[in-house]
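J.:
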Amino acid sequence: MRLSTLLSFTVVMMMASAAFTPAQTAPPPQAAPAARRPATPPPPSRAGIAITVTDTRGLPIPDVRVTIAGPSDRSGETDNSGQVNFVGMQPGVYRARFDGDKVISFEREVNVRAGQPTGVDVTLNAAPPPPAPPPAPPVVQKVEETVGPPGLPQVLSIVDLAEKQLSGNQARRETLVACSGNTRTTLVVLNQDQADRLYDGAETEYYVVAGQGAVRLNGRETLLAAGSYVSIPRNTSHGVLKRGNRPLILLSVLSGEPCEQAK
14 MRLSTLLSFT VVMMMASAAF TPAQTAPPPQ AAPAARRPAT PPPPSRAGIA ITVTDTRGLP
74 IPDVRVTIAG PSDRSGETDN SGQVNFVGMQ PGVYRARFDG DKVISFEREV NVRAGQPTGV
134 DVTLNAAPPP PAPPPAPPVV QKVEETVGPP GLPQVLSIVD LAEKQLSGNQ ARRETLVACS
194 GNTRTTLVVL NQDQADRLYD GAETEYYVVA GQGAVRLNGR ETLLAAGSYV SIPRNTSHGV
254 LKRGNRPLIL LSVLSGEPCE QAK
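Just remember that the working numbering sits 13 ahead of the position in the sequence shown, which is counted from 1.
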């Protein structure tokens, strides 16, 4: 066999072998990696408030009630050093109120930052002293009024009694008509003017039964006749004067002083 024929045969056989060789399988596509979720941020760190309360002289004030209102409500009282601390608080804006029996109430805003304590210094003014209690009313000692003994009921005729007293020329004749408690009634017959008189604790009343006269009050004289009536308050100086030839007959009532002789 010729060499050329042999080479041709070899080439043909190699081509046929290549035609029957199976095609190489491509590798399957790989799935894309899942996207990672962002990590949850840690909760904000908590903080606290350190409060110091002093007076205007810089001295600590104990027993002050502190109320914190905001994201984390708190309350407490200052110690003997005037301090109170609140821990574990969320950041934010708070309203702090300070109250006490000896201080004027006060409010202020406090801004608490995350991760750090917040110091607050507060100066409070002293509360004004309480008003003095009103003075006790004066003790009024009740003065017991002295009252004379009670008398008996009297029913009589003043005219008949006056006629019995007309005899005689005495300057003044006085007859007790009734006496009870603090009232004394007398029948007075005047043949002369009566001197001025004054009663500190009694009122005087005169009723003219008969005759003519005058009464002198504050330097002024007023004429009196049968049927005239005169009322004279206590502490008033007065005088009774006789006018005419006939006696002046008066019914005199003195009230306000004890009548010791009951009748």
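Beta carbons are placed, not taken as given, at the ideal position from N, Cα and C, and that holds for glycine. Note that the coordinates shown come from a computational prediction; the quantities given were computed from them, not determined experimentally.
Once you ignore the five residues that flank His251 on each side, which residues in its own chain have a CB closer than 6 Å to its CB?
T.: Leu230, Ile245
J.: Given that a residue counts as buried once 16 or more other Cβ atoms are within 10 Å of its Cβ, and exposed if not, what is Thr23?
T.: Low local confidence applies: a pLDDT of 49 at Thr23 is under 50, so the model's placement there is unreliable, and no value is given.
J.: Any contact between the stretch 220-240 and the stretch 188-199? By contact I mean 3 or more CB pairs, one from each, below 8 Å.
T.: Counting Cβ pairs under 8 Å, fewer than three are found: no touch.
J.: Do Pro75 and Asn98 have their C-beta atoms closer together than 7 Å?
T.: no
J.: Counting pairs of Cβ atoms below 8 Å between the stretch 247-262 and the stretch 195-208, do you hit three or more?
T.: yes
J.: Apart from the five residues on each side of it in sequence, which residues of its chain come closer than 6 Å, Cβ to Cβ, to Tyr212?
T.: Arg247
J.: If we ignore side chains and look at the alpha-carbon of each, how far apart do Ala275 and Leu165 end up?
T.: 8 Å
J.: Where Val100 and Glu122 are concerned, what is the direct C-alpha to C-alpha distance, given to the nearest angstrom?
T.: 17 Å
J.: Starting from Tyr175, trace the alpha helix (DSSP H) in both directions and tell me its first and last residue.
T.: According to the sequence shown, residue 175 is Ala rather than Tyr. Start and end: 171-177.
J.: Please work out which residues of its chain come closer than 6 Å, Cβ to Cβ, to Asp112, disregarding the five sequence neighbours upstream and downstream, and give them in chain order.
T.: Arg78, Ser118
J.: Could you check what DSSP says for Lys115 in three-state terms: helix, strand or coil?
T.: coil
J.: Over the uninterrupted beta strand (DSSP E) stretch that includes Gln225, give me the two end residues.
T.: 225-230
J.: Looking only at its chain, what residues have a beta carbon closer than 6 Å to the beta carbon of Ser88, apart from the 5 residues adjacent to it on each side?
T.: Contacts found: Thr80.
J.: Suppose the cutoff is 6 Å on Cβ atoms and the five residues either side in sequence are ignored; what does the same chain contact list for Leu261 look like?
T.: Leu203, Gly224, Gly226, Lys255
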